[in-house]
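Those sequence lines, one after another, are chains U and E.
Letter by letter, the first sequence follows residues 504 to 803 in this note's numbering.
Letter by letter, the second sequence follows residues 27 to 259 in this note's numbering.
Cβ coordinates follow ideal geometry from the N, Cα and C atoms, glycine included.
The next block holds one structure in the form of structure tokens; read it before the comments.
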Amino acid sequence: MSRLRALLLLIAGDKQADRVVPPTGFTARLTVFAAAAMAFLVVFALAFSMATGRLAERWGSSLAQSSTIRVSAPEGQLDTQVIAVMDILRTTPGIADARVITDDEQRALLEPWFGPDLPLDTLPLPRLIAVTETPEGYDSAGLRARLAGEAPGAVLDDHTRWRVPLVRAAGRMRTLGLVAMGLIAATTAAMITLAASAALAANAEVIRVLRLVGARDAYIVRAFVRRFTLRALAGAAAGTALAMLAIALLPRAETAGGFLTGLGFVGLGWLWPLAIPPLAGLVAFLATRRAAFVTLKETR
Amino acid sequence: MPKRRQGQDVIDFEDVTFGYGDTPLLAGVSLHLAPGSFHFLTGPSGAGKTTLLRLCYADLTPDQGHVALFGQDTRAMSRDDVALARRRIGVVHQDQKFLDHLPLAENLALPLTVSGQPGPSETDLAELLRWVGLEAQAEALPPALSGGERQRAALARAIIMSPEIILADEPTGNVDWEMSLRLLRLIVELNRMGKTILIATHDLNLIRTAKQQVQARVLRISNRQLHQAGADL
Ligand SMILES: Nc1ncnc2c1ncn2[C@@H]1O[C@H](COP(=O)(O)OP(=O)(O)OP(=O)(O)O)[C@@H](O)[C@H]1O
Ligand SMILES: [Mg+2]
């Protein structure tokens, strides 16, 4: 609660309190630069995380429909083979559901290419069986072997299954992006602590004078904390703006669905980076406050 | 407001022993400053006058014994307690202690600034500066002032809050006799207003002059003890 109060007082500001601490040129620039650079990196880590997240989602959703079996056979054998395949599927572990695609559905599938009046019965079209697997999945090599034995006209097409490890990798990369953001935040806190400690040490005599004339710790801390918080805020805002601009200007090729081309923010995702400057300010506030109270313990 | 003990003394030393290292500089020192009293503190250089004053404003705490400030044991005071007590004491430090990046006028107002009070009015500040002969230096930075000017400024800062106690460490060390008398007159006037005064000084002439104007006691540090100086002074 007192921390919240300190934060509010800080935002309110106090011109006089700002003046009692002399300007600290070098550490000031260091803080602004560090905050800007770190914010820039965080924006990219965030974009990376969001892109890999979207990728995992897209790939993952197409997985649910999974595989199809195509049965092509000479007229007369087709139905027997389809029945054989269905029997096999019913006894194969890891299959949740199998369904023969009806003529109407098939017509709908082909319509974009051949128009609505396709005479299906006159065409030597294969029959399609949609297979939905259980979460554990089935043994595709075993299924292929059985199909080859009992329904030679059946071909198992499980092209989407190869994506499973990719989805897992995308999920892992997203986690790595989050870890990177955590590390950047920690590094920022460490750098600001160092800069603040240096500024405090350089102003040991100022702090002593302030204490001697009756300044409370909170007053002195506020003067330093305000300075570093505002700098971190300004630096992070600049870094974030630059990084967002850089990402907005990335050449786009979303439709290719490739990985790099998806790097960026989508829709409301653009709001996320806006949280970075306030968070950087908060990190600076907490880091400087801690450093200041530690330093103050050295003068009575 | 801290509670006072029965004695009502603003500063109380009970059997105080203090040393920076292993050997004590002060041993078994007792001192009682009643409100409105006027004391001088003398003794050879290095005897511990500045040290005794620092014990008074809780910059140091005793190794043994107790120092009470406005009835509060300084060792038991929190950091905020110390800050609040210091607002009731004006200190002229031997080495002045200014903020070198702020002009003199702002340095003088510093005790008000840090306690969140509005700054002094233009006229109050001008009058104060005139009293210590620094009206022309209001905008000067402390490093640009002479030793005597800094000392006068330190006295001005010490009294700006109208404190209950004034502790002055060699307030006339760097100024000519005429200015010394002027500063003394200011301090005597403050004492007549009821302020408690403790001045550390080597200047026996100053002490003699003061004794003609107020009832002042003279304390002397020698051999780690505090003695009441005789009437011969
Ligand atoms: N911070 C310190 N650390 C160690 N020793 C100190 C410290 N301050 C003072 N001393 C020593 O303590 C002794 C008393 O110092 P103090 O400043 O109290 O003397 P003083 O009576 O004020 O002298 P002067 O008349 O020269 O101002 C001196 O020998 C000094 O060297
Ligand atoms: Mg001294």
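Measuring CA to CA, which of U:Arg675, U:Phe543, U:Thr635, U:Pro526 is closest to Leu736 of chain U? U:Phe543
Of the residues U:Leu646, U:Val535, U:Thr530, which one's Cα is nearest the Cα of Leu733 of chain U? U:Val535
Closer than 8 Å at the beta carbon, the chain U residues around Ala109 of chain E: Arg714, Gly717, Ala718, Arg719, Asp720
Please tell me whether Trp562 of chain U has its Cβ less than 9 Å away from any Cβ of chain E. no
CB contact check: Glu148 of chain E to chain U, cutoff 9 Å: no
C-alpha distance - Leu633 of chain U paired with Ala559 of chain U, whole-angstrom precision: Before going further, note that residue 633 of chain U is Ala rather than Leu in the sequence given. Approximately 23 Å between the Cα atoms of the pair.
Taking only heavy atoms of ligand 2 into account, decide whether any of them is closer than 8 Å to the Cβ of Thr235 of chain E. no
Strictly under 9 Å for the Cβ-Cβ distance: is Phe124 of chain E near chain U by that measure? yes
Under 9 Å between C-beta atoms, does Gly142 of chain E make it to chain U? Taking Cβ atoms only, chain U reaches closer than 9 Å to Gly142 of chain E, which makes this a yes.
Closer than 9 Å, Cβ to any Cβ of chain U: which residues of the segment 56-87 of chain E, in chain order? Tyr83, Ala84, Asp85, Leu86, Thr87
Are three or more beta carbon pairs between the segment 239-254 of chain E and the segment 63-73 of chain E nearer than 8 Å? yes
Using the beta-carbon of each residue, which ones in chain U are nearer than 9 Å to Trp235 of chain E? For the record, residue 235 of chain E in the displayed sequence is Thr; it is not Trp. The premise fails here: Thr235 of chain E is roughly 29 Å from chain U at the closest Cβ pair, so nothing lies under 9 Å.
Compute the minimum distance between the beta carbon of Lys75 of chain E and the heavy atoms of ligand 2, and state whether it is under 8 Å. yes
Whole beta strand (DSSP E) elements within the segment 38-89 of chain E, 3-residue minimum: 52-59, 64-68
In the DSSP assignment, the beta strand (DSSP E) including Glu636 of chain U goes from what residue to what residue? 630-636
Please report how far the alpha carbon of Ala726 of chain U lies from the alpha carbon of Asp521 of chain U, in whole angstroms. 5 Å
Which whole-angstrom value describes the C-beta separation of Asn133 of chain E and Arg183 of chain E, a residue pair presumed to lie in contact below a C-beta threshold of 8 Å? 6 Å
Verify the CB distance criterion: does Met504 of chain U have a CB-CB separation below 9 Å to chain E? With a pLDDT of 49 at Met504 of chain U, under the threshold of 50, the modelled position of that residue is not reliable, and the figure given next carries that caveat. No, no contact with chain E.
Just checking His228 of chain E against ligand 1 - is the residue's beta carbon closer than 8 Å to any of the ligand's heavy atoms? yes
Going by Cα to Cα distance, which pick from E:Gly159, E:Asp41, E:His58 is closest to Ile223 of chain E? E:His58
Report yes or no: is there a C-beta of chain U within less than 9 Å of the C-beta of Glu132 of chain E? Judged by the 9 Å Cβ criterion, Glu132 of chain E is in contact with chain U.
Bridge partners of Ser248 of chain E, per DSSP? E:Gln251
Reference Leu799 of chain U, options U:Thr743, U:Leu774, U:Phe617, U:Ser700, closest by Cα: U:Ser700
Closest Cα partner of Cys82 of chain E within the set E:Thr100, E:Leu110, E:Glu165, E:Gly220: Check the Cα spacing between Cys82 of chain E and each of E:Thr100, E:Leu110, E:Glu165, E:Gly220: the tightest is with E:Thr100.
Assuming Glu161 of chain E and Ala152 of chain E make a contact with CB atoms under 8 Å, what is their CB distance in whole Å? 7 Å
Compute every distance between the C-beta of Gln120 of chain E and the non-hydrogen atoms of ligand 1, then say whether any falls below 8 Å. Answer for Gln120 of chain E: yes, Cβ within range of ligand 1.
Spatial neighbours of Ala255 of chain E within its chain, please: CB distance less than 6 Å, with the 5 preceding and 5 following residues excluded, ordered by chain position. Val244, Arg246
Tell me, please, whether the CB atom of Val797 of chain U is closer than 9 Å to any CB atom in chain E? no
If you reduce the DSSP assignment to three classes, tell me which class Ala790 of chain U lands in. helix
Best match in E:Phe39, E:Arg113, E:Val108 for proximity to Ala89 of chain E [C-alpha to C-alpha]: The question names Ala, but residue 89 of chain E in the sequence shown is Asp. Comparing Cα positions, the closest option is E:Phe39.
Burial state of Thr139 of chain E, where buried means 16 or more other Cβ atoms lie within 10 Å: Thr139 of chain E comes out buried.
Beta carbon proximity, Arg112 of chain E to chain U, threshold 9 Å: Interface residue, yes.
Span separating the alpha-carbon of Arg561 of chain U from that of Ala702 of chain U: 50 Å
With a threshold of 8 Å, establish whether the CB of Asp175 of chain E neighbours any heavy atom of ligand 2. First, the residue type needs correcting, since residue 175 of chain E is Glu and not Asp in the sequence shown. For ligand 2, not one heavy atom lies less than 8 Å from the Cβ of Glu175 of chain E.
Here's a check: name, in chain order, each residue in its chain whose Cβ is nearer than 6 Å to the Cβ of Gly760 of chain U, leaving out the five neighbours to either side. Confidence at Gly760 of chain U is low in this model, with a pLDDT of 48, below 50, so the placement of that residue is unreliable and no value is reported for it.
Cβ closer than 9 Å: which chain E residues qualify as neighbours of Arg803 of chain U? Ala84, Asp85, Leu86, Thr87, Arg105, Val108
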